[in-house]
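This report refers to the structure that appears directly beneath it.
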Amino acid sequence: MDEIFEVGALEAYIILKHKKPLGRYWMINGTKFTAIDNTKGETLAEDFDEVETMMEWFDLDYADRFSKQMSKEAGLINEQVDGSL
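Counting in this note's numbering, the sequence shown runs from 387 upward without gaps.
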């Protein structure tokens, strides 16, 4: 499952919502590149400014990407909580 497929916005939405089909995907999202890794049915997605950085993200170990995404989401939640006080 090494191939990375380009998808459109509707396909990306379906992958993110239904976590199917399994695989690795990318799309252009305005001025950003969105990477989607659904190789294990736990959809990870991230936006990048440069295609090279996105491809480096795909090269990371799945566990590293999952850990980074969870840390990022925890930071966003903390910002929301801190900002509402």
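Glycine is no exception: its CB is placed at the ideal position from the N, C-alpha and C atoms.
Please read all numbers here as calculations on a predicted model, not as lab measurements.
Anyone know if the C-beta pair for residue i and residue j falls short of 8 Å?
i	j	result
I401	I422	yes
K405	T429	yes
R410	F444	yes
L408	G427	yes
A398	T417	no
Please state the DSSP three-state secondary structure of residue i.
i	result
E442	helix
D432	In the sequence as displayed, the identity of residue 432 is Glu instead of Asp. In this structure, E432 counts as strand in the three-state DSSP scheme.
E397	helix
K458	helix
Identify the residues that DSSP records as bridge partners of residue i: which are they?
i	result
T420	M413 and D433
M392	It should be pointed out that residue 392 corresponds to Glu in this sequence rather than to Met. Looking at the DSSP assignment, E392 forms a beta bridge with W412.
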